[in-house]
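Chemist:
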Amino acid sequence: MKMLLAPLAVLTLVALGAAALPARAENGGEQGEARRERQAGNILSIRRIEQIVLPRMAGKQYLGPDYDAAAMAYRLKFIQDGKVYFVDVDARSGRIIGQTP
25 MKMLLAPLAV
35 LTLVALGAAA
45 LPARAENGGE
55 QGEARRERQA
65 GNILSIRRIE
75 QIVLPRMAGK
85 QYLGPDYDAA
95 AMAYRLKFIQ
105 DGKVYFVDVD
115 ARSGRIIGQT
125 P
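Heads up: the sequence shown begins at 25 in our numbering, then just goes up one per residue.
Here it is in structure tokens:
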């Protein structure tokens with residue numbers, strides 16, 4: 025009997041966990057949102073944003089971007105000598121809107 029209950033308990037937990045996921049995760053998350061906005065011509069591609077920002081961050085290692093759909097902004101993350109740097113960029117214009125020193 026215990027052998028039958030364990031798999032049932034696992035399946036129940038998996039089903040509950042999947043039901044708790046936000047709809048955004050089902051639609052590709054922030055990356056999916058960025059893709060849709062880019063295809064619609066509303067924002068610049070991450071490649072274009074990188075062309076703008078990377079030359080300004082000489083000497084820092086680029087760790088990658090995040091996209092904030094609500095703000096329509098990219099956040100690029102860098103590291104140098106153990107210190108993390110962020111550059112926030114308006115995804116529509118490519119203008120830098122914030123940067124850690």
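Don't be surprised by glycine CBs; every beta carbon is placed ideally from N, CA and C.
Once the 5 residues before and after F110 are set aside, which same chain residues still bring their CB inside 8 Å of it?
Modeler: Position 86 of the sequence shown, counting from 1, holds the residue named residue 110. Excluding residues within five positions, the ones whose Cβ falls inside 8 Å are R99, L100, K101, F102, G122, Q123, T124.
Chemist: Secondary structure at L68, three-state DSSP: helix, strand or coil?
Modeler: On the sequence shown, residue 68 is found 44 positions in, with the first residue counted as 1. In the structure shown, L68 sits in coil (DSSP, three-state: anything other than H, G, I, E or B).
Chemist: Does the distance from the C-beta atom of L68 to that of A115 stay below 8 Å?
Modeler: One-based indexing of the sequence shown puts residue 68 at position 44. One-based indexing of the sequence shown puts residue 115 at position 91. Yes. Within cutoff.
Chemist: Pick helix, strand or coil for P89, following the three-state DSSP scheme.
Modeler: Residue mapping note: residue 89 aligns to position 65 of the sequence shown, counting from 1. P89: strand per DSSP, three-state reduction.
Chemist: Take the Cβ of D105 as the centre, count every other Cβ of all protein chains shown within 10 Å, and call the residue buried at 16 or more, exposed below.
Modeler: In the sequence shown, residue 105 corresponds to position 81, counting from 1. It is exposed - the Cβ of D105 has fewer than 16 other Cβ atoms within 10 Å.
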